[in-house]
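*Asks:* Let me give you the structure first, and then I'll get to my questions.
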């Protein structure tokens, strides 16, 4: 039987641009033999993680949907934040986003549409976004330790430069430290041109989980940035308080 970690690499081949894969692609992209690629496919198909869409063509399977439902129902962060997000959207009028840090990306895990939010928000549930643009991501980036920032600066210099951030590790760390001291990050049009974003990091003890955000349309009536930031700060404290209660119990 193939090692689990190797088999699961196949699932990471599915992206927004690549929604189906062939065995030959698996072998080429993972640099394994055709026989090994077929073994990976057989194991994943047997467990329902992928299924055949046509001869030799595979798509994600129903087991993924089952697991997604379990996450929606039982993920502690979503459970702690769900009704708080609805209240935050009602009070601010904005769309609220709950995002998690995953490797070097940020993934939206829950969203509540607000009456004054943009028509569309790039931070859709399940969509991986870069760390370097938008309040939802950069407020997480600002909480990373210096070793993590140094590693990112060495690996993602091009993307960091495109985001208008310094690529020198020390300069990047200093810029992010200043951002982190503000607690609530605010950006305008960095991800979606018609959007204004406010975000705050969510911690569980010393563990950085992700961020909570409010996104408003640029033409939203009666914008009150300070009030939005304060509402967001209070909401984040309530989420973190609930997470601490779960840990204590």
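Numbering (full-length UniProt numbering), first residue to last: 1 to 249.
In this text, a Cβ means the ideal position worked out from N, Cα and C, and glycines have one as well.
Please state if the CB of residue 61 and the CB of residue 93 are separated by a distance shorter than 8 Å.
*Replies:* Contact flag unset, no.
*Asks:* Exposed or buried, what is residue 1 when buried is set at 16 or more other beta-carbons lying within 10 Å of its beta-carbon?
*Replies:* The predicted position of residue 1 is uncertain, since its pLDDT is 43 and thus under 50; no value can be drawn from it.
*Asks:* If you draw a straight line from the C-alpha of residue 173 to the C-alpha of residue 146, how long is it?
*Replies:* Straight-line Cα distance between these residues: approximately 6 Å.
*Asks:* Between which two residues does the alpha helix (DSSP H) carrying residue 166 extend?
*Replies:* No alpha helix (DSSP H) holds residue 166; DSSP gives it neither H nor E.
*Asks:* Expressed to the nearest angstrom, what Euclidean distance is found between the alpha-carbon atoms of residue 150 and residue 48?
*Replies:* Each residue's Cα considered, the two are about 39 Å apart.
*Asks:* For residue 216 and residue 223, which I take to be in contact (beta-carbon distance under 8 Å), what is that distance rounded to the nearest angstrom?
*Replies:* Rounded, the Cβ-Cβ distance is 7 Å, consistent with contact.
*Asks:* Determine the burial state of residue 144: buried for a count of at least 16 other Cβ atoms within 10 Å of its Cβ, exposed for fewer.
*Replies:* Classification of residue 144: buried, given that the 10 Å Cβ count is 16 or more.
*Asks:* Going by CA-CA distance only, name the one from 97, 91, 132, 76 that's closest to residue 225.
*Replies:* When only C-alpha atoms are compared, the closest one is 91.
*Asks:* Quickly, what does DSSP pair residue 244 with across the bridge? List them, please.
*Replies:* DSSP, once it has assigned bridges, lists no residue as partnering residue 244.
*Asks:* Which residue wins for smallest C-alpha separation from residue 109, given the options 77, 86, 4?
*Replies:* Nearest C-alpha to residue 109: 77.
*Asks:* Between residue 184 and residue 243, is the Cβ-Cβ spacing less than 8 Å?
*Replies:* Contact: no.
*Asks:* Where does residue 118 fall in DSSP's three states?
*Replies:* Three-state DSSP puts residue 118 in coil, outside helix and strand.
*Asks:* Could you tell me the alpha carbon to alpha carbon distance between residue 5 and residue 159, rounded to whole angstroms?
*Replies:* C-alpha separation (whole angstroms): 28 Å.
*Asks:* Could you please give me the residues that DSSP links to residue 13 through a beta bridge?
*Replies:* Answer is none; residue 13 lacks a bridge partner.
*Asks:* Please list the segments of the alpha helix (DSSP H) lying wholly inside the region 162-210, counting only runs of 4 or more residues, in order along the chain.
*Replies:* Entirely contained in the region 162-210, the alpha helix (DSSP H) runs reaching 4 residues are, in chain order, 169-181.
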